[in-house]
Amino acid sequence: MTTVEESTMDESALERHFEATIAADNRLEPRDWLPEGYRKTMIRQIAQHAHSEIIGMQPEGNWITRAPSLRRKAVLLAKVQDEAGHGLYLYSAAETLGADRADLTDRLINGRQKYSSIFNYPTLTFADVGVVGWLVDGAAICNQVPLCRSSYGPYARAMVRICKEESFHQRQGYELLMTMMRGTDAQRDMVQDAVNRWWWPSLMMFGPPDADSPNTAQSMAWKVKRHTNDELRQRFVDMSVPQAEALGVTFPDPDLRWNAERGHHDFGEIDWAEFKQVLKGNGPCNAERVAHRRAAQDDGAWVREAASAHAAKNAGRIGA
Ligand SMILES: [Fe+2]
Ligand SMILES: [Fe+2]
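Going by the UniProt record's numbering, the residue at position 37 of the sequence shown is 37; the numbering climbs one at a time, nothing skipped.
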């Protein structure tokens, strides 16, 4: 018989194992006991990340049929397909925490779980494909490289592979922009216009300022997160400025300048009111993105049903 005292001891031993694993910088695995708060935080973060990959296919997928050459089409197809793979990979990681994939999709299309605010902006010209690759995938890399050391094993390992593919995405975007910048004035204007529209939303991808980010401290203590939002945002700005110079474009920020004392670039105030509006569902494309995802889910119902029926039939055969 287990006494109350013994079960309390078990619980605290498990908790000590959890704390010790984190303190030693080791990974927590699906077999390990996890505090409920940690499990919930990880499910929320991984699901949001998975949703972002899947919704993120839409803005660029929009240009596959209108890519200007076979080469550009093949590259863009591969990139968008990678994003689908990232999403599926991450849903699998969430499943190791006990989440149900169908339930997560349900939450996404019913607006109960979020995805990155960046994908609620439209891609107006083909230059946007390049700028999304350069800045959006670039910001994603800044965010995700430290997650390769995240304390949850399946998430950290997924990140290693995803980051390798993201760096291909960023290069393809930059290479596309380089090509356009060597083209006509009209092409250069298209690139600058796309940069003007995507720069500030890219900075918002790092999330609210540290002072306004209530979950950061706990996530850092759990080593889910390794740097604060503002640290990562600063790193991204510092990294992007020389890339913009090499490309021959400017960022739409009159306050952007090198600060020798800090050893970093200063930059202007982000429009957090816009960020909050987009998160609330009022960005330029929120409704369209979710409606598109819902339609895809409905259109694919017969495939899921057929696959389940096939699996059940096979299981029956093996049983017999
Ligand atoms: Fe991705
Ligand atoms: Fe990507």
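Heads up, the beta-carbon is just placed ideally off N, CA and C, and yes, glycines get one too.
Please read all numbers here as calculations on a predicted model, not as lab measurements.
- Only counting runs of 4 or more residues, tell me where the alpha helix (DSSP H) segments fall wholly within the segment 184 to 270, in order along the chain. 185 to 204, 216 to 221 and 229 to 247
- Ordered along the chain, which non-local residues of its own chain (more than five positions away) have a Cβ less than 6 Å from that of residue 55? 115, 119 and 289
- Task: Name the residue from 222, 276 and 252 whose alpha carbon lies nearest to the alpha carbon of residue 18.
- Result: 222
- What does the shell around ligand 1 hold, if a residue joins when its beta-carbon is under 6 Å from any heavy atom? 53, 83, 86, 162 and 166
- Query: From residue 101 to residue 249, what does the alpha carbon distance come to, in whole angstroms?
  - Reply: 42 Å
- Message: According to DSSP, is residue 77 part of a helix, a strand, or is it coil?
- Response: helix
- Query: How should residue 135 be labelled, buried or exposed, when 16 other C-beta atoms within 10 angstroms of its C-beta is the threshold for buried?
  - Reply: buried
- Query: Should the segment 120 to 135 be called in touch with the segment 191 to 199, which here means at least 3 C-beta pairs below 8 Å?
  - Reply: yes
- Query: Over what stretch of residues does the alpha helix (DSSP H) that includes residue 61 continue unbroken?
  - Reply: 57 to 61
- Message: For residue 67 and residue 165, what's the separation of their Cα atoms in angstroms?
- Response: 21 Å
- Assumed close pair residue 58, residue 292 - CB separation to whole angstroms, cut-off 8 Å: 6 Å
- Task: For residue 205, count neighbouring C-beta atoms within 10 Å of its own C-beta (all shown protein chains included) and say buried if the count is 16 or more, exposed if not.
- Result: buried
- Message: Please classify residue 108 as buried or exposed, where buried requires at least 16 other C-beta atoms within 10 Å of its C-beta.
- Response: buried
- 7 Å Cβ shell around residue 316 - same chain, five flanking residues per side excluded: none
- Query: Taking just the CA atoms, how far does residue 89 sit from residue 156?
  - Reply: 12 Å
- Task: Mind the definition here: the segment 248 to 264 touches the segment 71 to 79 only if three or more C-beta pairs lie below 8 Å; say whether that holds.
- Result: no
- Task: Starting from residue 286, follow the alpha helix (DSSP H) in both directions and report where the run begins and ends.
- Result: 286 to 299
- Message: Quick check: is any heavy atom of ligand 2 less than 7 Å from the C-beta of residue 189?
- Response: no
- Contact check, residue 132 vs residue 53, beta carbons under 8 Å: no
- Query: If you follow the alpha helix (DSSP H) that residue 176 is part of, which residue opens it and which one closes it?
  - Reply: 153 to 181
- Using the C-alpha atoms, what's the distance from residue 34 back to residue 13? 12 Å
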